[in-house]
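J.: Dumping the structure here so I can ask a few things about it.
Residue numbers (the UniProt record's numbering): 1 to 117.
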């Protein structure tokens, strides 16, 4: 159980870092696009990356955004946000109930377990 929790935490942090990187790239693209459209000087932080970003902007379209809105999934998680990742499969199937006891369960507990099966 602990390994599973650490794996889930690690996956969540990875998805969050990827989303942050994509957000930063999008902000830079938008800033570069705005400066090109309005014919103003490119910000000093973007000058080194301006040519590469401009090439990326040229081939950009609305496909990935539309796929995310329609319900596209990437890697088993929603590309929009990983915030509700814990409840992703809620309602798809019933949760498995697991009962643990000490050495000798009571008769009532045995009957309850039989009812669950």
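All C-beta atoms, glycine included, are put in the ideal place defined by N, C-alpha and C.
(1) Give the DSSP-derived three-state secondary structure of residue 3 in the structure shown.
(2) Among 45, 54 and 116, which residue has its Cα nearest to the Cα of residue 118?
(3) Am I right that residue 28 and residue 46 are in contact with their C-beta atoms under 8 Å? What's the rounded C-beta distance?
(4) Using C-beta distances below 7 Å, list every residue in its chain close to residue 90, excluding the 5 sequence neighbours before and after it, in chain order.
(5) Can you name the start and end residues of the alpha helix (DSSP H) that residue 92 belongs to?
(6) Using the Cα positions of residue 55 and residue 37, report the straight-line distance between them to the nearest angstrom.
(7) Considering only residues of the UniProt domain "Brix" (95-117), which uninterrupted alpha helix (DSSP H) runs meet the minimum length of 4 residues and lie entirely inside it, listed in chain order?
(8) How about residue 96: is its C-beta nearer than 8 Å to some C-beta of chain C?
(9) Under a three-way DSSP split, which group does residue 46 fall into?
T.: Reading off the structure:
(1) Working through the chain shown from its first residue, we reach residue 3 at position 3. Of the three classes helix, strand and coil, the one that applies to residue 3 here is helix, per DSSP.
(2) With the chain running from 1 to 117 in the structure shown, residue 118 is simply not present.
(3) Counting from one through the chain shown, the residue named residue 28 turns up at place 28. Counting from one through the chain shown, the residue named residue 46 turns up at place 46. That pair is a contact at about 6 Å.
(4) Counting from one through the chain shown, the residue named residue 90 turns up at place 90. None.
(5) On the chain shown, residue 92 is found 92 positions in, with the first residue counted as 1. That residue, residue 92, is in no alpha helix (DSSP H); it is neither H nor E in DSSP.
(6) The count along the chain shown starts at 1 and reaches residue 55 at position 55. The count along the chain shown starts at 1 and reaches residue 37 at position 37. Approximately 15 Å between the Cα atoms of the pair.
(7) 107-116
(8) Among the chains in the structure shown there is no chain C, since it carries only a single protein chain.
(9) Along the chain shown, one-based indexing puts residue 46 at 46. Coil at residue 46, not helix or strand.
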